[in-house]
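In this note's numbering, the protein residues as written are 28 to 541.
Note sheet for the following structure.
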Ligand code: AHR
């Protein structure tokens with residue numbers, strides 16, 4: 028058996044001839060050489076879009092909805108459970124029309140603006156820089172600012188960095204006048220967003236030069252050290268990464284990549300909750316394609332940066348469906364089903380395999396927009412199936428990655444993409460190994476034989492996320508249909524160096540091994 032599994036190291040994600048439809052092998056390969064899964068891979072994204080900020084995170088101190096200095100408490104407490112490591116703000120496309128000076132000083136005097144990208148909603152700028160940094164302090168996360176390059180000036184961006192991080196000087200004086208004496212720490216700075224599209228429609232050659240110029244004036248004040256991120260490619264635009272790495276690679280710490288699980292950019296994107304079995308597998312196939320896309324961007328980066336100094340940051344990812352019928356056009360409000368949970372687990376499992384290069388990812392978005400963690404309606408909140416995946420996966424944050432080869436039956440989606448029945452990922456931290464397993468099959472359980480290769484498993488405990496139907500979701504005023512439950516100890520057995528575990532159809536399981 029051991030020989031067979033080693034052979035599989037060369038051919039991950041394949042079926043073994045003769046293997047039963049509901050059997051799989053997983054081969055754990057713990058190694059001291061493996062990279063750490065940066066906690067920032069579990070990053071979040073909050074844009075001034077729909078009710079993500081206003082209503083979702085922020086209701087203002089005078090609201091009837093219980094809040095702490097304006098931040099709604101139900102959402103805050105739910106997010107604390109996720110150990111959010113980093114939060115990207117204020118966009119997205121919004122960032123390249125955002126003028127930060129409109130969001131400081133007395134709220135009643137702040138200018139209003141039209142949010143051109145997202146439904147033409149009027150933005151009153153009542154949530155600004157101070158509110159964002161206070162939120163990050165409450166959540167205990169790193170702030171990640173997305174700077175305006177498309178419609179802003181070099182001076183404006185340079186002054187934003189100075190306002191936030193300088194101890195002294197005119198911008199520091201303005202910050203102090205606005206009530207914040209001490210500078211904040213700012214690590215992650217994005218220089219533009221989707222600069223090939225809503226962020227200015229640049230060519231890669233032109234943007235590379237603009238990036239070099241803007242980043243020059245974003246200074247490190249008083250011991251603050253910026254991690255500068257160039258606006259990267261979307262999906263399959265490998266030329267963008269090539270040109271950026273070639274022309275500006277040495278001036279950046281990171282480059283971004285956006286990949287959405289979406290049917291297409293024009294026409295219907297399909298319903299988030301009314302879908303059939305074929306749509307289920309299409310969605311997982313499209314999601315899993317991110318592995319190939321990331322690999323190809325990484326190969327280009329390796330050419331220019333073989334020592335892997337520059338990080339690849341997938342700073343927007345997740346499902347993008349038609350917005351819920353009856354919701355405000357342009358607000359991207361969508362429900363979240365067990366299928367979204369699958370996309371979250373499969374994406375995170377994939378990102379782990381690139382831990383040597385992928386240093387951050389940010390699911391879009393944290394509340395009420397696209398594949399969110401929470402949905403709110405007035406004073407009500409629901410935790411989405413995606414929320415529960417992030418909760419279940421907290422132990423992987425900053426843990427040492429353990430490569431896991433998988434051999435299992437593989438289905439095809441309607442586009443001919445592979446959808447392996449099993450996906451597995453593992454990591455170790457503080458003497459505990461966390462093994463996450465996914466059964467993508469809608470109808471059949473799968474029994475997985477895990478070669479532990481020395482990973483201790485004297486004590487095993489587990490949690491499971493599944494639902495009666497693939498379309499199930501959590502709705503306001505209803506008991507949760509998709510929620511974390513203890514995983515029965517009858518479902519696994521350890522004998523010697525082998526763990527055998529049976530996952531029900533369409534389920535995600537995390538086991539903690541000691
Ligand atoms: O997340 C929604 C939007 O998707 C972002 O504003 C933009 O960057 C991307 O196109």
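No residue lacks a Cβ here, since even glycine has one placed at the ideal position from N, Cα and C.
Residues bridged to residue 94 (per DSSP)
Residue mapping note: residue 94 aligns to position 67 of the chain shown, counting from 1. Residue 94 pairs with 99.
Three-state secondary structure assigned by DSSP to residue 211
As a position in the chain shown, residue 211 is number 184, starting the count at 1. Correct three-state label for residue 211: coil.
Have a look at residue 207 and residue 353 and give me their C-alpha separation to the nearest angstrom.
As a first step, residue 207 is located in the chain shown; it is residue number 180 there, counting from the start. As a first step, residue 353 is located in the chain shown; it is residue number 326 there, counting from the start. One C-alpha to the other measures close to 41 Å.
Residue range of the alpha helix (DSSP H) that residue 190 falls in?
What you label residue 190 is simply residue 163 of the chain shown in a count that begins at 1. Run containing residue 190: 181–192, per the alpha helix (DSSP H) assignment.
Specify, as a first and last residue, the run of the alpha helix (DSSP H) that residue 174 falls within.
Here residue 174 refers to the residue found at position 147 when the chain shown is read from its first residue. Where residue 174 is concerned, there is no enclosing alpha helix (DSSP H), although the beta strand (DSSP E) it sits in stretches over 169–174.
To the nearest angstrom, report how far apart residue 533 and residue 232 are at their CA atoms.
As a position in the chain shown, residue 533 is number 506, starting the count at 1. As a position in the chain shown, residue 232 is number 205, starting the count at 1. Computed Cα separation, rounded: 45 Å.
The alpha helix (DSSP H) spanning residue 345 covers which residue range?
In the chain shown, the residue the question calls residue 345 occupies position 318. Segment 338–347 is the beta strand (DSSP E) holding residue 345; no alpha helix (DSSP H) there.
Measure the C-alpha to C-alpha separation of residue 138 and residue 190 and round it to an integer number of angstroms.
Numbered from 1 along the chain shown, position 111 holds the residue referred to as residue 138. Numbered from 1 along the chain shown, position 163 holds the residue referred to as residue 190. Rounded to whole angstroms, residue 138 to residue 190 spans 19 Å at the Cα level.
Nearest to residue 66 (by Cα), restricted to the options 462, 498, 388 and 500
As a first step, residue 66 is located in the chain shown; it is residue number 39 there, counting from the start. Out of 462, 498, 388 and 500, 388 has the C-alpha closest to the C-alpha of residue 66.
If we ignore side chains and look at the alpha-carbon of each, how far apart do residue 35 and residue 450 end up?
Your numbering for residue 35 matches position 8 in the chain shown. Your numbering for residue 450 matches position 423 in the chain shown. Since pLDDT at residue 35 reaches only 31, below the 50 mark, its modelled position is unreliable, and no value is offered.
Would you check if there are 3 or more beta carbon pairs closer than 8 Å linking the region 208–227 to the region 167–184?
yes
Rounded separation between residue 488 and residue 246 - CA only:
Reading the chain shown from its first residue, position 461 is the one you call residue 488. Reading the chain shown from its first residue, position 219 is the one you call residue 246. About 48 Å.
Starting from residue 535, follow its DSSP beta bridges and name the residues at the other end.
Position 508 of the chain shown holds residue 535. Its beta-bridge partners are 465 and 492.
What do you reckon, is the C-beta of residue 200 under 7 Å from a heavy atom of the ligand AHR?
Taking the first residue of the chain shown as 1, we reach residue 200 at position 173. Because no heavy atom of the ligand AHR lies under 7 Å away, the Cβ of residue 200 does not count as near it: no.
For the region 102–116 against the region 382–398, do three or more pairs of beta-carbon atoms, one drawn from each stretch, fall closer than 8 Å, so that the two count as touching?
With a cut-off of 8 Å, the region 382–398 and the region 102–116 count as touching, because enough Cβ pairs lie within range.
Going by beta-carbon coordinates alone, are residue 125 and residue 185 separated by less than 8 Å?
For the purposes of this step, residue 125 is taken as the residue at position 98 of the chain shown. For the purposes of this step, residue 185 is taken as the residue at position 158 of the chain shown. Cβ atoms of residue 125 and residue 185: not closer than 8 Å.
Residue 311 Cβ short of 7 Å to the ligand AHR heavy atom set:
Here residue 311 is taken as the residue at index 284 of the chain shown, counted from 1. Flag unset: Cβ of residue 311 not near the ligand AHR.
Could you tell me whether the region 373–385 touches the region 101–111, where touching means 3 or more Cβ pairs closer than 8 Å?
Touching, no.
Taking residue 452 and residue 529 to be in contact with their CB atoms under 8 Å, please state how far apart those CB atoms are, rounded to whole angstroms.
Residue 452 sits at position 425 when you count from the first residue of the chain shown. Residue 529 sits at position 502 when you count from the first residue of the chain shown. Not confirmed; about 19 Å, so no contact.
Report, in whole angstroms, the separation of the C-beta atoms of residue 384 and residue 307, which I expect to be a contact under 8 Å.
Position 357 of the chain shown, counting from 1, holds the residue named residue 384. Position 280 of the chain shown, counting from 1, holds the residue named residue 307. Contact flag wrong, Cβ pair sits at about 30 Å.
When every heavy atom of the ligand AHR is checked, does at least one fall within less than 7 Å of the C-beta of residue 290?
Position 263 of the chain shown, counted from the first residue, corresponds to residue 290. Flag unset: Cβ of residue 290 not near the ligand AHR.
Cβ contact (3+ pairs, closer than 8 Å) linking the region 248–259 and the region 306–323:
Output reads no: the region 306–323 does not touch the region 248–259.
Do you know whose CA, among 345, 117 and 465, lies nearest residue 53's CA?
Here residue 53 refers to the residue found at position 26 of the chain shown. Nearest option by C-alpha distance: 465.
Distance between beta carbons of residue 493 and residue 531, contact taken as under 8 Å:
The residue given as residue 531 occupies position 504 in the chain shown. The residue given as residue 493 occupies position 466 in the chain shown. Sure, about 6 Å apart at Cβ, within 8 Å.
Could you tell me whether any non-hydrogen atom of the ligand AHR is closer than 7 Å to the CB of residue 397?
Counted from its first residue, the chain shown places residue 397 at position 370. Yes.
Would you identify the three-state DSSP class for residue 540, choosing helix, strand or coil?
The sequence position of residue 540 within the chain shown is 513, counting from 1. Of the three classes helix, strand and coil, the one that applies to residue 540 here is strand, per DSSP.
Considering only the alpha carbon of each residue, which of 476, 273, 161 and 517 lies closest to residue 433?
If you number the chain shown from 1, residue 433 lands on position 406. For the residues 476, 273, 161 and 517, the minimum Cα distance to residue 433 belongs to 476.
Comparing the CB of residue 16 with every heavy atom of the ligand AHR, is any distance shorter than 7 Å?
The structure shown has nothing for residue 16, since the chain only spans 28 to 541.
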